[in-house]
Amino acid sequence: MKIVLINGQNHKGTTHHIARMLIDQLDGDVTEFFLPRDFGAFCTGCAQCIRRDEVLCPHAKALAPITRAMDAADVLIFTTPVYVYHATGAMKTFLDHYGWRWIIHRPEPSMFKKQAVVLTTAAGAGMKSAIKDVQDSLFFWGVGKIYTFGIATHADAYAHMTEKKQRRTARAVSKIAERIKIRVGRVRPGLKTRLFFRFYRKFILGHLPANDQAYWAETGLKQHVPW
Ligand SMILES: Cc1cc2nc3c(=O)[nH]c(=O)nc-3n(C[C@H](O)[C@H](O)[C@H](O)COP(=O)(O)O)c2cc1C
262 MKIVLINGQN HKGTTHHIAR MLIDQLDGDV TEFFLPRDFG AFCTGCAQCI
312 RRDEVLCPHA KALAPITRAM DAADVLIFTT PVYVYHATGA MKTFLDHYGW
362 RWIIHRPEPS MFKKQAVVLT TAAGAGMKSA IKDVQDSLFF WGVGKIYTFG
412 IATHADAYAH MTEKKQRRTA RAVSKIAERI KIRVGRVRPG LKTRLFFRFY
462 RKFILGHLPA NDQAYWAETG LKQHVPW
């Protein structure tokens with residue numbers, strides 16, 4: 262099982278600790294990225310990636326290793342601590358660079374067969390909105406199955422969390438790990454993704470710019486469903 266871990270922060274704090282607990286149970290080959298260390302450029306708003314080609318993005322070269330790793334992976338894990346009720350700015354600027362990959366433009370066919378996990382921790386609150394920040398992109402990338410876990414730690418480190426919270430975290434992580442292991446290699450996207458894809462292809466695709474339409478034809482997305 263190939264795993265890519267993308268951390269929305271440079272440091273190895275509580276959120277990273279929980280990701281590592283999950284990875285230990287998955288027992289796969291892990292490629293890990295830290296943001297902004299491994300990618301921290303802000304989108305310039307030129308929209309060349311969407312209107313023409315993603316290689317025209319001024320940051321395409323820096324982004325390419327992460328894109329390649331994600332495309333080759335079975336499981337994508339995203340971590341972000343809650344910063345002011347949302348995902349970190351580093352995570353947001355990373356996700357901004359993949360607007361061209363949304364189903365409404367040029368989705369990567371392999372995404373529909375991948376599983377992804379969004380992990381977040383907060384001191385007290387904001388997990389739901391931080392998870393949604395990442396989950397929205399993963400849904401629109403077409404990721405087949407998305408698991409989420411967030412916890413209010415009320416602590417400054419994993420070791421300082423109460424035993425009850427540590428037990429709850431361990432249980433949730435084990436449950437996600439079990440589900441991933443059962444599904445790996447045979448993921449079928451959920452109903453919402455399947456319906457969105459089919460509706461979009463039938464009613465909207467014909468009105469898209471030529472580059473997007475050509476992509477759907479070349480990749481076979483226009484002719485077949487990718488799951
Ligand atoms: C800039 C900043 C903003 C934060 N905003 C929130 C917040 O909105 N809600 C909250 O409960 N905790 C907030 N926190 C606390 C962290 O989310 C929390 O300590 C988290 O568990 C840290 O995870 P880490 O150890 O992986 O960095 C914030 C921390 C920082 C540094």
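Residue 480 in this note's numbering is what sits at position 219 of the sequence shown, and the numbering runs on without skipping anything.
Glycine is no exception: its CB is placed at the ideal position from the N, C-alpha and C atoms.
P342 beta carbon near ligand 1 (any heavy atom closer than 7 angstroms): yes
Nearest neighbour of F490, chosen from M282, S398, I364, K393 [CA to CA]: Because residue 490 is not part of the residues shown, which for the chain are 262 to 488, the question remains open.
Closer than 7 angstroms: V486 CB and nearest ligand 3 heavy atom: As far as ligands go, the structure on display features ligand 1 and does not contain ligand 3.
Member of P326, I311, M331, A351 whose CA lies at the smallest distance from the CA of A302: A351
beta-carbon V336 near ligand 1 non-hydrogen atom, thresh 7 angstroms: no
Contacting residues, own chain, Cβ-Cβ under 7 angstroms from Q396 (five flanking each side not counted): So the list reads V379, I407, T409, once near-sequence residues are dropped.
D290 versus G274 - alpha carbon distance: 22 angstroms
In chain order, each beta strand (DSSP E) run of at least 3 residues that lies wholly inside the stretch 397-464: As far as the stretch 397-464 is concerned, its whole beta strand (DSSP E) runs of at least 3 residues are 406-413.
Inter-residue CB distance, T341 and G269 (contact presumed, cutoff 8 angstroms): 3 angstroms
CB of A280 within 8 angstroms of CB of V343, strictly: no
Cβ-heavy atom distance, Q270 to ligand 1, below 7 angstroms: yes
Three-way DSSP call (helix, strand, coil) for V343 in this model: Judged by DSSP in its simplified three-state form, V343 adopts coil rather than helix or strand.
Length of the line joining the Cα atoms of L466 and Y419: Per the coordinates, the alpha-carbon of L466 lies some 47 angstroms from the alpha-carbon of Y419.
Other residues of its chain near S435: CB distance less than 8 angstroms, five sequence neighbours each side excluded: Q286.
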